[in-house]
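Accompanying notes for the structure given below.
In the working numbering, the protein residues as written are 32 to 416.
Written as structure tokens, this is what we have:
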């Protein structure tokens, strides 16, 4: 079986690119099969007709595509390029079998009509494009996905949502973990570091975390030496200076600048060091209209970190409250403060949650298990007419 892979790739700053790299490596390692990468316009989004026409000419002239048994796409809400390649491959090579992993179900593309070049134009015209997104664009998305042989989601709730939207069977594939730390986690008696890790964004609830952390330190002076590390920059293409400045200003207003560290982007080595040194990890995401999973959550659990997360996204399917982590209500500052306090003063609970989290990842997200399930999905593709 010959497999062609279409996905964003490193060094692109994207959770999907990071996932795709590890997925490809896991397939090569456990199946001993090479997955080839389609590198046309690699990591470039398609925002104007000229780019689209160039992409079309490259796909049409690339006859090697028809030699593959399966073309597997990783598609997230902001990735027009991969979706357009899917459309063009089905147009020029209709017999090739297609598998698609959707990372932001039930959202497929955030803006299906973006490529027609309506970015830097008056607000009124952008409104027209938005209407086109919700009508022509959504219809176009659905019609193209109807031609695929398999659609995959990395969360059960996401699978249910997109299955309801597309009215077809959707496969569930657990999010593979990237690494398991072979070093035994050292759970300190007195905690020193609380960690947030991941790309920054308005829906990540970092403002809620800062307020809860400030409340913890002010109401309970014995915790005044704890530091909160906010590790991460912005995905490629985003430079949200306003969000960054607002978060820093909030830390200043709450007199927390000595206790809160904004690291920005960090290297792979620095990331590992942060995971190993942290005493707990907090992901206070806000409710949103997508139900994908979180690579940051999977990584934190794989390092044996006790997790505190909100009851949104796919977190509730990974975190069993009081067993593999702690759940808090979206936006509830007081509740999050109480959970931070509970973990800060209870080493045995931190040990229990961290070790159970790591065991959960080993059992449910082991790469060999994911690879075998993927292979079964590919075989199902080949059996479809």
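Positions of the beta carbon are idealized from the N, C-alpha and C atoms, including for glycine.
Could you tell me the distance, in whole angstroms, from the CA atom of residue 336 to the CA atom of residue 58? For residue 336 and residue 58, the distance between alpha carbons rounds to 27 Å.
Residue 323 and residue 202: beta carbons closer than 8 Å? Not a contact, by the Cβ cut-off of 8 Å.
Could you name the residues of the same chain whose beta carbon sits closer than 6 Å to that of residue 355, not counting the 5 residues immediately before and after it, in chain order? Counting only Cβ-Cβ distances below 6 Å, and skipping sequence neighbours, we find 387, 388, 391.
N-terminal and C-terminal residue of the beta strand (DSSP E) that residue 184 is part of: Element bounds for residue 184: 181-184.
Does DSSP put residue 124 in a helix, a strand or coil? coil
Proximity of residue 123 and residue 91 at Cβ, strictly below 8 Å: yes
How would you write the range of the beta strand (DSSP E) that residue 343 sits in, first residue to last? Residue 343: not part of any beta strand (DSSP E); DSSP gives it neither H nor E.
Taking C-alpha atoms, which residue in 138, 211, 181 lies nearest to residue 196? Of the candidates 138, 211, 181, the one whose C-alpha sits nearest the C-alpha of residue 196 is 138.
So, is residue 240 buried or exposed, given that buried needs 16 or more other C-beta atoms within 10 angstroms? buried
Does the Cβ-Cβ distance between residue 113 and residue 120 come in under 8 Å? Cβ distance not < 8 Å, so residue 113 and residue 120 don't count as in contact.
Residues bridged to residue 101 by DSSP? 34, 128
Determine, using beta carbons only, whether residue 33 and residue 115 come nearer to each other than 8 Å. no
How far does the beta strand (DSSP E) with residue 170 in it extend, from its first residue to its last? Element bounds for residue 170: not the beta strand (DSSP E) but the alpha helix (DSSP H), 169-176.
Compute the Euclidean distance between the alpha carbons of residue 242 and residue 78, then round it to the nearest angstrom. 38 Å
Measure the C-alpha to C-alpha separation of residue 319 and residue 343 and round it to an integer number of angstroms. 8 Å
By how many angstroms is the C-alpha of residue 132 removed from the C-alpha of residue 193? 11 Å
CB residue 182 to CB residue 204, shorter than 8 Å? Residue 182 places its beta carbon 8 Å or farther from that of residue 204.
So, with DSSP's three-state summary, where would you put residue 115? helix
Within the same chain, show all residues whose beta-carbon is closer than 8 Å to that of residue 248, passing over the 5 residues directly before and after it, in chain order. 254, 255, 257, 287, 290
Does residue 218 pass the burial test, meaning 16 or more other C-beta atoms within 10 Å, or should it be called exposed? Around the beta carbon of residue 218, 16 or more other beta carbons lie within 10 angstroms, which makes this residue buried.
Looking at the secondary structure, which residues open and close the alpha helix (DSSP H) in which residue 54 lies? Counting along the chain, the alpha helix (DSSP H) containing residue 54 begins and ends at 46-62.
Would you identify the three-state DSSP class for residue 285, choosing helix, strand or coil? coil
Please confirm whether residue 36 and residue 55 have their CB atoms less than 8 Å apart. yes
Measuring alpha carbon to alpha carbon, tell me which of 135, 176, 143, 370 ends up nearest residue 165. 143
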